[in-house]
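Numbering (my numbering), first residue to last: 246 to 973.
Idealized CB from N, CA, C, for every residue including glycine.
First comes the structure, then the notes that go with it.
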């Protein structure tokens, strides 16, 4: 936009006049043609060399010629793409019509891109550094025994003060041995003191600052709105997580949590911290607050990544689109480890790409740190080391790596060693318990739990196709973290995503930059944890196991939108129209995403989840009235509520309230008041636990039976209350 453009100095004697320009255009002879450069739109303060500046000026001059008339190809392509995506929405589903429209839209887009009408922002110029290939030998040698000792003391699947100390010392020594010192600058302490002693403090607020604040406000609203209501109920996985968190609170500081086929530990420790900070205890709300914050922490890295590969405007658009998007919002709200995948993918991509572009060893060390931490977060992240290797391979195969191919191998080793040190606790557990550590992944990838439904390569190809179409067509049928059988992206973002993919392909064909190809290939690689569910293809696609792809997906969509803004802004009075078009697109996207999360997903989740909160509230009320909950129970029934979750809502997360029908007679030994919750159904006799009701009436004829009417249909249950026995 104009506020971010570099305005040419028309008063310079070197600048051609408008008359000179017209003469050059109308000249039929051999006089040189004069092109007026299109103002730049990056606005991120990127510095370029004179040669690169001249190159950009030539490219922008071509763009100026191409967009001298209204960019009808680009706008028509956008309109057709939006209409096509509309036909992939469940309410207006017509995939055949959508496919035909998409072919026309993307064909027009290729035409516009080749003509230079709709192009992507150029990658900012890199400041190629020089790796001296030196390291601090003493620190490196000293790190080795601490690594060995830390590995040995991580036995028994427990963090202790000793092994943590050895681990951190090993990491610190290794990082120090490899870290390259930059230009000398005052340390943080002197800078803070200098700032504090100033007589006058100045705070500069720019228009860009206001944009960032406004975008952040919108994003935070989308992520925290109705935090208690959406989603309304936990399910069995939440009970497992809270029991793990309870174990930590009791001093069982596990490295790997073996309950329920095994989990890495970051969320358990993080949730405990959240429960202390917010005073929410070991509750469903604590889980949700923790994962919502994890989702929010991801977004600054999305912004920085957009700025790294394009411009700060691309970063802001990616930040905003990902912040309001239904897919990242839902998986952040569920309260499980899902957003940890994207949280660590974003910084790994940022520092990896920055390191390869700037040839800065320190970036690879930081990338290795986040790579190691990510492996402690969520199991699908185990695919990311393959992504890292792919980045180095693509870089080495392209011309941009000239003079740095051998260095790239060294940088890869440094990243791998850094992540390996951070992985030491899990690595020790894996050597002690290899079957349990790998069971969850192997149960999906192989026939350990269930035989593959067909030849593995056929299932793999089918899964790949289903995963690739999740963005614009069908995101799967798993109701706990998605709206079944709808696209993972809204109409606007879905259209922009496909257009961004095409624009990246066109630019790669034209320029052969490794980064364009890497951004495209990173998406299917990050989908692999879902694709590799070969034994259970019905679980693919899954928005949780594909969550790492959120980062490049919304980045690609933002790059396409930024390109559209630039082509519109290049017209006469185009800046106004660019603001209008962008505002309308973002408003439509925000409106649909709000409806998807807070109406459609919320309602669908309530219909499918069991109302353990209502049962927990009754048990809690019983405890307040009679001073105990030991004589309150829930009688299990097939495919009904997880009885452990009743305890979560009642404030007793470590108790399972189940009592089986053959155990009911044992309750006669207690003389106090009793409470029994039993499955009820007024429409389906098979779903009504009449046998338990009859048994309770025989055991406690003085009891009172009442029906608890739930706000959700088919979620009613019986409450059988037995008063305390009175002495004769």
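Presumed contact (8 angstroms Cβ cut-off) between residue i and residue j, rounded CB distance
{"i": "residue 519", "j": "residue 535", "result": "4 angstroms"}
{"i": "residue 547", "j": "residue 564", "result": "5 angstroms"}
{"i": "residue 667", "j": "residue 416", "result": "7 angstroms"}
{"i": "residue 885", "j": "residue 924", "result": "5 angstroms"}
{"i": "residue 363", "j": "residue 809", "result": "6 angstroms"}
{"i": "residue 349", "j": "residue 325", "result": "5 angstroms"}
{"i": "residue 906", "j": "residue 940", "result": "6 angstroms"}
{"i": "residue 632", "j": "residue 771", "result": "7 angstroms"}
{"i": "residue 371", "j": "residue 602", "result": "4 angstroms"}
{"i": "residue 573", "j": "residue 551", "result": "At roughly 15 angstroms, the Cβ-Cβ gap does not stay under 8 angstroms, so residue 573 and residue 551 are not in contact."}
{"i": "residue 391", "j": "residue 414", "result": "5 angstroms"}
Nearest candidate by alpha-carbon position, reference residue i, set the options
{"i": "residue 460", "options": "785, 560, 737, 784", "result": "560"}
{"i": "residue 910", "options": "943, 881, 688", "result": "943"}
{"i": "residue 773", "options": "825, 707, 440", "result": "707"}
{"i": "residue 605", "options": "713, 373, 394", "result": "373"}
{"i": "residue 504", "options": "414, 517, 488", "result": "488"}
{"i": "residue 957", "options": "850, 649, 410", "result": "850"}
{"i": "residue 421", "options": "527, 659, 937, 846", "result": "659"}
{"i": "residue 318", "options": "340, 337, 354, 329", "result": "354"}
{"i": "residue 406", "options": "498, 481, 568, 780", "result": "498"}
{"i": "residue 419", "options": "448, 384, 444, 954", "result": "384"}
{"i": "residue 509", "options": "550, 451, 568, 581", "result": "581"}
{"i": "residue 963", "options": "331, 920, 449", "result": "920"}
{"i": "residue 587", "options": "608, 916, 600, 545", "result": "545"}
{"i": "residue 411", "options": "426, 401, 389, 402", "result": "389"}
{"i": "residue 366", "options": "966, 562, 644, 600", "result": "562"}
{"i": "residue 783", "options": "382, 686, 723", "result": "723"}
{"i": "residue 376", "options": "452, 425, 337, 967", "result": "425"}
{"i": "residue 345", "options": "781, 331, 447", "result": "331"}
{"i": "residue 913", "options": "853, 333, 945, 434", "result": "945"}
{"i": "residue 847", "options": "701, 450, 473", "result": "473"}
{"i": "residue 719", "options": "338, 933, 320", "result": "338"}
{"i": "residue 767", "options": "826, 820, 333, 594", "result": "594"}
Own chain, CB closer than 8 angstroms to residue i, minus 5 neighbours either side, in chain order
{"i": "residue 891", "result": "857, 860, 861, 864, 879, 902, 922"}
{"i": "residue 843", "result": "470, 471, 475"}
{"i": "residue 408", "result": "395, 398, 399, 670"}
{"i": "residue 928", "result": "959"}
{"i": "residue 738", "result": "566, 570, 799, 802, 834"}
{"i": "residue 703", "result": "none"}
{"i": "residue 979", "result": "The chain is shown only over 246 to 973; residue 979 falls outside these bounds and no answer can be derived."}
{"i": "residue 893", "result": "479, 483, 484, 487, 527, 528, 529, 857, 861"}
Residue i vs residue j beta-carbon contact at 8 angstroms
{"i": "residue 507", "j": "residue 347", "result": "no"}
{"i": "residue 463", "j": "residue 404", "result": "no"}
{"i": "residue 598", "j": "residue 553", "result": "yes"}
{"i": "residue 769", "j": "residue 713", "result": "yes"}
{"i": "residue 717", "j": "residue 734", "result": "yes"}
{"i": "residue 898", "j": "residue 969", "result": "no"}
{"i": "residue 591", "j": "residue 516", "result": "no"}
{"i": "residue 812", "j": "residue 316", "result": "yes"}
{"i": "residue 477", "j": "residue 854", "result": "yes"}
{"i": "residue 327", "j": "residue 736", "result": "yes"}
{"i": "residue 643", "j": "residue 759", "result": "yes"}
Own chain residues within Cβ distance below 7 angstroms of residue i, not counting five before or after
{"i": "residue 805", "result": "741, 744, 745, 748"}
{"i": "residue 979", "result": "The requested residue 979 is not part of the displayed model; the chain covers only 246 to 973."}
{"i": "residue 589", "result": "615, 618, 619, 622, 626"}
{"i": "residue 881", "result": "888, 903, 905"}
{"i": "residue 726", "result": "575, 576, 579, 583, 788, 789"}
{"i": "residue 874", "result": "864, 867, 868, 895, 897"}
{"i": "residue 533", "result": "472, 578, 580"}
{"i": "residue 730", "result": "335, 719, 722"}
{"i": "residue 837", "result": "735, 736"}
Chain-order list of residues whose beta-carbon lies under 6 angstroms from that of residue i (same chain, five-residue window excluded)
{"i": "residue 960", "result": "856"}
{"i": "residue 657", "result": "637"}
{"i": "residue 828", "result": "none"}
{"i": "residue 677", "result": "none"}
{"i": "residue 351", "result": "747"}
{"i": "residue 698", "result": "none"}
{"i": "residue 694", "result": "688"}
{"i": "residue 673", "result": "396, 399"}
{"i": "residue 524", "result": "none"}
Interface flag, residue i vs chain B, CB-CB below 8 angstroms
{"i": "residue 373", "result": "As a matter of chain content, chain B is missing from the structure shown, which is built from one protein chain."}
Next on the checklist: Does the contact criterion of 3 or more C-beta pairs under 8 angstroms hold for the segment 748–758 versus the segment 345–362?
Outcome noted: yes
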